[in-house]
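Mapping the sequence shown onto my numbering, position 220 (from 1) lands on 209, and the numbers just tick up by one. Virtual Cβ for every residue (Gly too), placed ideally from N, Cα, C.
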Amino acid sequence: MAQVANDFDAITISLASPETISRWSWGEVTKPETINYRTLRPEKDGLFCERIFGPTKDWECFCGKYKKIRFRGVTCDRCGVEVARSKVRRERMGHIDLAGPVAHIWFSKGTPSRLGLLLDLSPRNLDRVLYFAQYLVTDVDDSIKEQHLEILHSDLDSLVKENDQKLKEISNVLQKEVDSQINDVESAMAGLIQEEGDSEPSEEYKEAELKISSLQEGLAARISEAQEPTNEEYQPKLENLGSMIKDIQNLHVTQLLT
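Encoded structure:
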């Protein structure tokens, strides 16, 4: 057997691409099992599967249909294991199709973290993203962003108008009520003036003036008190919409979201 030359000028250590791994692989591992505790044989499609990595016995397939060296290279039609030497298990590789992307420890850990430097994230925030505790914004569609902002601004304007309309109605009702009371008091005061002529104002007249003054001064407090339930109803909605608008306006790539 010819010797392979070991002379080289440089060596590079890097991660294999998914395409390269697929070329190297002899099959996909779909089960986490290793060895069957009863038969002490590798589980099918597991981490030690003979169909993927090769037979555990020289020149013998898993089910035993093909034995001896004369069947070398034959793939069993029952178990799918190729008849070969057991030492091929040290050379063959399998692969696992992941349900989601993962971060290689070479890039996520270490000092400094390569992923952290690339994304401008602290190790703590990077771990939060990797373990799905937070989300990282990778792209912002400006057109969709503007559409959402227009909708939210429209909703906010409608809510403000609705709130103002209800507050105005409450204010008008109380204003009419106070005006009616003041008119009644003023009518009574006019009667007192006609009865007493040019004489000094009586105690009743002074009390009527005080009552009018009290009604006018207390109007603002009554309106504020009557409007409080409406404000309590609408204020959280307005704050929530305002917060959503602010969040979308400040949305940018590499931003962390919970």
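Check                                                                                                     : Outcome
Sub-8 Å separation of residue 126 and residue 244 beta-carbons                                            : yes
Within the stretch 33 to 120, ranges of the beta strand (DSSP E) (whole runs, at least 3 residues)        : 82 to 84
Three-state secondary structure assigned by DSSP to residue 26                                            : coil
Three CB pairs or more closer than 8 Å across the stretch 61 to 71 and the stretch 80 to 99               : no
Within 8 Å, strictly: CB atoms of residue 18 and residue 36                                               : yes
Closest residue to residue 169 among 88, 103, 201 and 52 (Cα-Cα distance)                                 : 201
Residues near residue 164 in its chain [Cβ-Cβ closer than 6 Å; skip 5 each side]                          : none
Reduced DSSP secondary structure (H/G/I, E/B, other) of residue 21                                        : coil
With 16 other Cβ atoms within 10 Å as the buried cut-off, status of residue 105                           : buried
Complete alpha helix (DSSP H) runs within the stretch 160 to 247 (minimum length 4 residues, chain order) : 192 to 238
Opposing strand residues paired with residue 125 [DSSP bridges]                                           : 245
Residue from 120, 102 and 158 with nearest C-alpha to residue 112                                         : 102
Anticipated Cβ contact below 8 Å, residue 124 with residue 240, distance rounded                          : The Cβ separation is near 12 Å, so there is no contact.
Which listed residue (116, 147 and 93) has its alpha carbon closest to that of residue 7                  : 93
Where residue 132 falls: helix, strand or coil (DSSP)                                                     : helix
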